[in-house]
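A.B. asks: If you read the sequences in order, they're chains A and B.
Residue numbers for the first sequence, in the numbering used here: 1 to 488.
Residue numbers for the second sequence, in the numbering used here: 1001 to 1866.
No residue lacks a Cβ here, since even glycine has one placed at the ideal position from N, Cα and C.
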Amino acid sequence: MLLTIATTHQPATELGYLLHKHPERCQTFPMGFGEAHVFYPEASHERCAATLLLDVDSVGLVRGKSSHRSRGRTHERTFDQYVNDRPYVASSFLSVTLAKVFGTALSGRCKSHPELANTAIPLEVSIPVLPCRGGEDFLRSLFEPLGYSVTSQTSPLDDTFPDWGNSQYLNITLSNTIRLSELLSHLYVLIPVLDEDKHYWFGEDEIEKLLRHGEGWLKAHPAREPITRRYLKRKREMAETALAQLMEGEDPDAAAEAAAEGWQKLAAKKPVSLNQQRMALVADVLVQAGAKRVIDLGCGEGSLIKELLQNRSFEKITGMDVSYRELEKAKRRLKYELGPMQQQHRVDLIQGSLIYKDDRLRGYDAATVIEVIEHMDLDRLAAFERVLFEFAQPPVVIVTTPNAEFNICFPALQPGSLRHQDHRFEWSRQAFQDWAKGVCDRTGYTVTFQGIGYNHPDFGTPTQLGLFKKATAHTQNKPSETVQKRDF
Amino acid sequence: MKITFPELSLVLMIGASGSGKSTFAHQHFLETEVLSSDFFRGMVSNDESDQSATKDAFEILHYVLEKRLAAGRLTVIDATNVQKEARRPLIDLAKKYHFFVAAIALNLPESLCHERNQQRPNRQFGPHVVRNHVRGLKRSLKNLKREGIRYSYTLNSLEEIKAATVERQPLWNNRKQDHGPFDIIGDVHGCCDELEQLLRSLGYEQQPAQGSPDSFWHAPFYSHPEGRRALFLGDLIDRGPRILDTLKLVHNMMAAGSAECILGNHENKLMRKLNGRNVKISYGLAQTLAEIEAIDADRREQDSQAINAFLRSLISHYVFDEGKLVVAHAGLREDLQGRGSNYVRDFALYGETTGETDEFGRRVRYNWAADYRGKAVVVYGHTPVQEPAWLNNTIDIDTGCVYGGRLTALRYPEKETVSVKALKVYREPSKPLSTPEEKDELSAQQINDDVLDISDVLGKRIINTRLYKKITIREENAIAALEVMSRFAANPKWLIYLPPTMSPVATSKLPGLLEHPAEAFDYYRQQKIKTVICEEKHMGSRVVVIVCKDEAAAKRRFAVEGEGIGICYTRTGRRFFSDRSLETELLKRVNTALEAANFWQTFETDWVCLDCELMPWSAKAQGLLKEQYAPVGVAATQGLSAAVDSLQKAVARTAEKGTAAETLLQQYQQRSVLAQKYTDAYRQYCWPVTTLSDLKLAPFHILATEGKVHIDQTHQWHLQQIAKVAKADPEILLATQHKVVEVEDEASCLTGIQWWESLTAAGGEGMVVKSIDFLRQTKRGPIQPAVKCRGAEYLRIIYGPEYTLPENLDRLKKRGLSRKRSLALREFSLGIESLERFVAKAPLRQVHECVFGVLALESEPVDPRL
C-alpha cells in the first residue's frame, strides 16, 4: 500500500522539512501491524515527491502475533483471511501510519519552516489502490468541496474475465493548493470513509479523533453526514452523538435532511414508514380478533413485539426466530421496553424453525408471520403449511408478504429483481391469494385479504396481508386425556 | 411380618416423630431410595427441624420424587405422613406415573416416641406434637385403602418392627429375563385353520392332546422342535369359525411352555360377560357365545368357568428381552411400558382415541406410534392393516385374517414376517383395511416423516454411530445448524449424507513447502496401512449428487414429489444450482450415463448417491471470486507494481549501491512476481459456464444404492465402477486419475511423490491420499479416511499470494491438525451413519439427526484453511 505526496512549490525539496523526512534517505518505521517506509522517488528543485509505503504483515494479523490482535478485539472481516486486500490498499492502516510517521506535519508544526507549514502550497497526492465504496462520484463529493481537483481511474477485476466487471479500487490523484497539515487531515479522515472499514476496534475516543481531525472543515462539508456515519462505521448512536457535537447550536434535523439526498433518502425512509404501518395494522387486526396470546413467527429484532407490548390486552407475546443473533438483538432491544419485572413475563423469545413441527407453537390465540414466507424456498412452503396450519393450528394466523406488482413503483429496483437479496420469491396479489386459498382448502381455515401502505390503482399496496381463521371445529383436536373404550 | 409390594411402588412410611421411620427405611431400602423430609428441610434451611422450611422442603421432595417415578424407580417417603392432606399429593404423583402405593405404618405408643425425641438434641418439642401425630396415625389407618394405597402394613410394636422383612415383587409384565425367540402372532379371531397352518409353516409340530380326556382343554396343540414359542397378541376369540379350538390350542401351548399370550379387548369383554355383567352382544361376541352355547348343557357352566379362569390369567402387556421387546394388543406408549395401572391396561387393550370421528362414523384413533421415540420394539395388533409396516420401531401385525386378509407372525429377534392367506372372508370389514401403499404409495414411516419435529434436533444431543460410538453435538452448534438447515438447506428428505471435512497432511519439513506427499505416506504407515490410493484432487466444488432412475423411484425411496429425479447439493446441504433447469439437465445426463453403463441392473437399484467434485470452481464460487480472490489479485498486482515504480525512481536518483531503497526494491520486485503467480493460480480454476457441457462432474465415491452403503469396497473398486459410467458420457463425466502406492516400498512412494509433482506442476490442486480400503478401524476408532496434499501454487489461494516468503512460511508451518482430524473423523462417522440408517429405512429423523450433526460440527471453530 502506498501514497505519494508531491509538491511543485519551490524549492520543492522543502517538502522534506515539512514532513520531517530527509529526501535523500529511505527510512523505516515499525508499526504494530508491520512496517512503514518513507522515501523520495523525486527530489528536485522543481518537484519533490515523498512516498509512504506500508508493509502490512497479513500473516501476523491472522496469526494473532501483532499487538492489535493481543487486545483480542480485532475486526473480524479484515483478519480472518490470509487472502486479503488489506496489505495492498489504502485503508485505516494508512490513517494510523500517517498519524504516526507524519504526526508533526499533521499537527501543522514545523520548527525550521513554521511559515511554510502555515502556507498553502501546491500539493498532489496519488494513491494507486484506493478502495472506494460508492465509486468515483462519492470520491468527488468528498474531495471537490474541499477544493481538490480529482482524477481517478478504475480497472477490471481480472483482464481474463471481463464479464466480472470492474474492481472497486481507484487509482487516484488529488491536487490542491493547501496547507500540508490540512491535506493530511483530509486524508486521515476520508480514506477510511471511502473504504468504510476499520482495522481496529474503536470506542468513544473515535468521535474525538473525528472531531479533532475534522476541525475547521468537516462542519461546513456538505457530505458531513455520510462522512460521520461511515467514519464511525454506521454505529448509529455514535454517529448521532458526533453529529450533535459537530453541529452544536444548529438544527441537526435540517442538516440531516440537507445531507441525505436523492433516492438514498427515499429508499431509507419508505420501508421504515411502511414497516410502521404494517406493525400498526397487524396489531389492530390482532386486537379485533380478540387475541390475548400471540406468537410472532420470524420475529427478527422484535419490532412487532415492541408494538404489541404497547397494548395491555396482549397477555403473552412469544417471538420465535431461526436466527439466534436476531433473537439476541431482540432481547437487547426489548430490555428497555420491558422495564419493570411485571412486564417481563409477557414476553418470551425462542429459537425455532418454521419447517419443523414444534409443540411449543401450540396454545396461542394467534400466530403472526410478518414478511417471513418470502425468505423460504418455495418448495419448503408445504412443510411450513403443515407445521403451522395442521400441527400448531392457532385460531388466527396473519401472514404478510410483499406484493410484487407494486415493485414497479420503486424506482431503484431493477425490473424483475426482488426487494431483498434473501427473498426467494415475491408474489403478485393473485399468487398470494391462490396459495392462501389452497392452504384453506387443505386445512380448514378461511382467509380474508387486505393491503398495507399506499394503494396504487393498478398495482395495489406494497405489502399484502392474509388473515386466516380456523373454522370453528365441532371436534376437539387434542388427544383426549381419558381413554375411550371401544371395540374394534 | 413379611412386607411385600410390587417393585414399582411408592412406599410411604407413616408414623409419629420418634417412631423409628428413618431407621426402618435405612434398614430395608437403599439410601438413595429414601426421600426424607428432614433431609430436604436441612437442604433449604440448614436446620432439619426448622418447621418454617417445611413447605419449601416438600416442594423439592415432590420434584425429586417425580423425577424418580418418571424414571421408574421405587421410592420411599420418610416423613410422618400421618395426615391425609400430606399423603394426597404423593399418591397423586404415584398415580400419574402408574406406580403402586404401599404404606408401612409404625404404630408405637406415644410415650415411647416422646421419650426417644427427648434424647435427641434437635427434637425438643412439647409432648403435644407427638400426641397429634399419633392421633393422626390412628385416624389414618382405617382409610388407607380408600385413599388408593393398595398395600398397607401396620407394625404395632418394637418386636414386630424388628422382625419385619421387606420383599419387592416383579410386576407380572416384567419378563425382561426372557429372551425368546418368539413367533409373535396377530389377532386370530377364531381362525384356527389358518393359525394351525401358520404354526406349521413356522416349523411347529402338532402334539397329541394331554391330560384327562374329560377336561375342556383336552385337545392337540403345537410345539417347536427348537424351543421357539408362539406369542399371541390377544383377540383370539369372536367373529371366526373355530373360536374355542383356538382358545384350547393357545391354552395347551402355554401349558406346555410353547406359547405366551396377552389379553385382547375381545377377551376382556367376554370375561365381563362370563362374570355376569351386562354387555352388548356385538363385534362378533355372538359367535363365541354360540360356541359356548353348543357345549353340552351339563358341562357348559364348568367349561365356562375354565375359560373364564384362563382369560383371567392373561395380562395386558409384557416387556421381554432386557426391555428390547414390548407386546400389547393395541400397542403401548414408552412411558407406560412395564408399568401397572388401569390406565396402562386400558391403553394396552384399546389404545386411545382423539375424540374425532371419521367418515365411517368410527372414532379416530390417536396414532401413538407416530410420536413413539422408545428404544423397545413394540409389536401390536388390534387395528387391521393390509401390510405390516414399521413405524418408529413399532409394528402392527394384525392383517385382518377374519376379514379375508392374512394371519401374520413376526419372528423375533429376526424381525421377519410370515403370513398365511385367510381361507375365506369370515366377516365383511366395516371399512376397507387401511392401506398406506394403496393410498399414495408411501410407507407409513414416510408419511409420518413428511415433517420433522424440532425436538429431534434442538439442544445438546448425543448421537450413537457404529463407527465412532457416541458423538456429542453441543447446543450452540445445534443452534447454528438449525438456522442453516432452515434457511438454506434443500428438502431434508434428500439429505441423506453430508460429506466430512478433510484434514491436510502433516506439515512438510522440506524448505519452501507447506505440504508434501511424504507425510501422507508416513501417516498411513504409522497406522499400519500397507496400501494407499492417491487420487487427483479436482479443484471445483464438492457436490453430493442423488440420481434416481425416474420420478417414481424418487417418490418411492425418498418420498419426494415434484422435485425431479434427483438433486445436487453442497456440503452444507444447499441446492448446488440456483438454475433448476441446469440441475435437471445435469441429472438427466448422469441418469442416461448410468442407464447406458447398465448401472441400475448391476447394482440392483433405482437410485444412487454419489460423492463428487464439480468443475469449474467459478461455477459455484463466482461470488467469492468477485468479492475476494480477484480483488486481492488486482490490488496486489497494481499496488506492488506501483511500489516497484516508485522505488525504481528513488533508486535511480542515487548512484550508491546497496542502499535501503535498493533492498526494498528487490523485495518488492519479488513480491510483485508472487502476486502474478497468485492470479495465475486461481485463474486456472475458472471458466465461463454457458451450457451444460461447460461443466465437468467427477464422482469419486459410489456412496450408497438400494440396500447397500458401499464402504466395504476398496477405493479402486469405486473408481473403476465410476470410470465405467464416465465412459458413457465423457463430455461431462470425469473419471478420477489415481495411483496405488505401497507405503512400505520406498520406490513406490517415490512414484507417488513424482506423480503429485507432475499434477501440481500442471496446475492441479494436488491429491488426496486414502487407505485403499474405504474403512479401516483401529482400537481407537476409525483412521482418517483421507488426507489431502495440496500443491504449492494452489496454496496461494488459501494462504495468500506471498505465503511462500520465508518469513511467512516459517510461521504458517506452525499449525495444529488435531482438532481438524478429530472433526474429520466425527463427521465421517456421522456421514456413514446417516447413509446406513437411510439404507436400513430408518425413520427420517434418525437420518436427519446425523446430517444435522455434521452441519452442527461444521460450526465448530477450526481453522478453515486446513
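1. Between which two residues does the beta strand (DSSP E) containing A:Cys48 stretch?
2. What residues of chain B sit near A:Thr525, judged by a beta carbon separation below 9 Å?
3. Measuring CA to CA, which of B:Ala1409, B:Thr1154, B:Glu1515 is closest to B:Ser1201?
4. Do A:Ile178 and A:Leu123 have their beta-carbon atoms positioned less than 7 Å apart in this structure?
5. Flag this pair as yes or no: are the beta carbons of A:Leu98 and A:Cys48 separated by less than 7 Å?
6. Within 10 angstroms of the Cβ of A:Thr448, are there 16 or more other Cβ atoms? Answer buried if so, exposed if not.
7. Look up A:Ser70 in the DSSP assignment and say whether it is helix, strand or coil.
8. List, in order along the chain, the chain B residues whose C-beta lies closer than 8 Å to that of A:Glu42?
9. In three-state terms, what does DSSP make of A:Glu455?
10. What is the residue span of the beta strand (DSSP E) that A:Ala350 lies within?
11. Decide if the region 1591-1610 of chain B is in contact with the region 1530-1538 of chain B; the criterion is three or more beta carbon pairs, one per stretch, under 8 Å apart.
12. Kindly give me the distance between the Cβ atoms of A:Asp365 and A:Val294, rounded to whole angstroms, as I take these residues to be in contact under 8 Å.
13. Residues of chain B with CB closer than 9 Å to the CB of A:Leu53, please, in chain order.
14. Give the interface partners of B:Ile1798 over in chain A, defined as CB-CB distance under 8 Å, in chain order.
15. Of all the beta strand (DSSP E) runs that stay within the bounds of the region 1145-1190 of chain B, which reach a length of 3 or more residues?
16. Quick check on B:Lys1657: buried or exposed, where buried means 16 or more other Cβ atoms within 10 Å of its Cβ?
17. Using only the alpha-carbon positions, how far apart do B:Tyr988 and B:Thr1472 sit?
18. Considering only residues of the same chain and omitting the five flanking positions on each side of B:Gly1284, which have a CB-CB separation below 6 Å?
19. Compile a chain-ordered list of the residues in the region 1476-1487 of chain B whose CB is closer than 7 Å to at least one CB of chain A.
20. Let me check one thing: in DSSP terms, what residues is B:His1317 bridge-paired to?
21. A:Phe384 and A:Leu354: beta carbons closer than 7 Å?
22. Alpha carbon to alpha carbon, how far is B:Arg1574 from A:Phe406? Give it in angstroms, no decimals.
23. State the DSSP-derived secondary structure class of A:Ile6, mapped to helix, strand or coil.
24. Which bits of chain A does B:Lys1626 rub up against, with CB to CB less than 7 Å?
25. For A:Met1, go through chain B and note every residue whose CB falls closer than 8 Å to its CB, in chain order.
26. Taking its Cβ as the centre, do 16 or more other Cβ atoms sit within 10 Å of A:Lys111, making it buried, or is it exposed?
27. Who pairs with B:Trp1494 in a beta bridge, going by DSSP?
28. Give the straight-line distance between the Cα atoms of B:Ala1554 and B:Trp1687, rounded to the nearest whole angstrom.
29. In this structure, does DSSP put B:Tyr1063 in helix, strand or coil?
30. Where does the unbroken beta strand (DSSP E) through B:Ile1003 begin, and where does it stop?
31. Using the beta-carbon of each residue, which ones in chain B are nearer than 8 Å to A:Thr28?
32. Looking at B:Phe1029 and B:Ala1057, is the spacing between their C-beta atoms short of 7 Å?
33. Just by C-beta distance, which residues in the region 169-181 of chain A are closer than 9 Å to chain B?
34. Tell me whether B:Val1854 sits in a helix, a strand or coil according to DSSP, three-state version.
35. Would a C-beta distance cut-off of 7 Å place B:Val1769 and B:Ala1520 closer than the cut-off?
36. For chain B, check one thing: does any of its Cβ atoms lie closer than 7 Å to the Cβ of A:Lys329?
C.D. replies: According to the structure shown:
1. 48-56 is the extent of the beta strand (DSSP E) around A:Cys48.
2. Because chain A here runs from 1 to 488, residue 525 of chain A falls outside it and cannot be looked at.
3. Checking every option, the nearest Cα to that of B:Ser1201 belongs to B:Ala1409.
4. Cβ distance < 7 Å, so A:Leu123 and A:Ile178 count as in contact.
5. Not in contact: A:Leu98 and A:Cys48 (Cβ atoms no closer than 7 Å).
6. Its Cβ having fewer than 16 others within 10 Å, A:Thr448 is exposed.
7. With a pLDDT of only 36 at A:Ser70, under 50, the local geometry of the prediction cannot be trusted, and no value is derived from it.
8. Within chain B, the C-beta atoms nearer than 8 Å to that of A:Glu42 come from Lys1649, Arg1653, in chain order.
9. Here residue 455 of chain A is Asn; the residue named in the question, Glu, does not match the sequence. A:Asn455: coil per DSSP, three-state reduction.
10. In the sequence on display, residue 350 of chain A carries Ile and not Ala. Note, A:Ile350: beta strand (DSSP E), 347-351.
11. Touching, no.
12. Indeed, because the Cβ distance is near 7 Å, the residues count as touching under 8 Å.
13. Residues of chain B passing the Cβ test: Ala1643, Ser1646, Leu1647, Leu1664, Tyr1668.
14. Chain A residues near B:Ile1798: Tyr82, Val83.
15. DSSP runs (the beta strand (DSSP E)) wholly in the region 1145-1190 of chain B: 1151-1155, 1165-1169, 1182-1185.
16. Burial check for B:Lys1657: the Cβ neighbour count within 10 Å stays below 16, so the residue is exposed.
17. What is shown of chain B runs 1001 to 1866, which leaves residue 988 of chain B out entirely.
18. Cβ within range, chain order: Asp1238, Arg1239.
19. Answer set for the region 1476-1487 of chain B: Ile1479, Leu1482, Glu1483, Ser1486, Arg1487.
20. B:Ala1328, per the DSSP bridge assignment.
21. A:Leu354 sits close to A:Phe384, with the two beta carbons spaced by under 7 Å.
22. Spanning the two alpha carbons is a distance of roughly 30 Å.
23. Note that residue 6 of chain A is Ala in the sequence shown, not Ile. DSSP places A:Ala6 in strand when its eight states are reduced to three.
24. The answer, in chain order, is Leu157, Trp164.
25. Under the 8 Å cutoff, chain B gives Gly1639.
26. By the neighbour-count rule (16 or more Cβ atoms within 10 Å), A:Lys111 is not buried but exposed.
27. Its beta-bridge partners do not exist; DSSP assigns none.
28. C-alpha separation (whole angstroms): 33 Å.
29. The answer is helix: DSSP assigns B:Tyr1063 an H, G or I state.
30. Here the beta strand (DSSP E) through B:Ile1003 covers 1002-1006.
31. Within 8 Å Cβ-Cβ: Ala1660.
32. No.
33. Listed in sequence order: Tyr169, Asn171.
34. DSSP places B:Val1854 in helix when its eight states are reduced to three.
35. B:Ala1520 sits close to B:Val1769, with the two beta carbons spaced by under 7 Å.
36. It does not; no Cβ of chain B falls within 7 Å.
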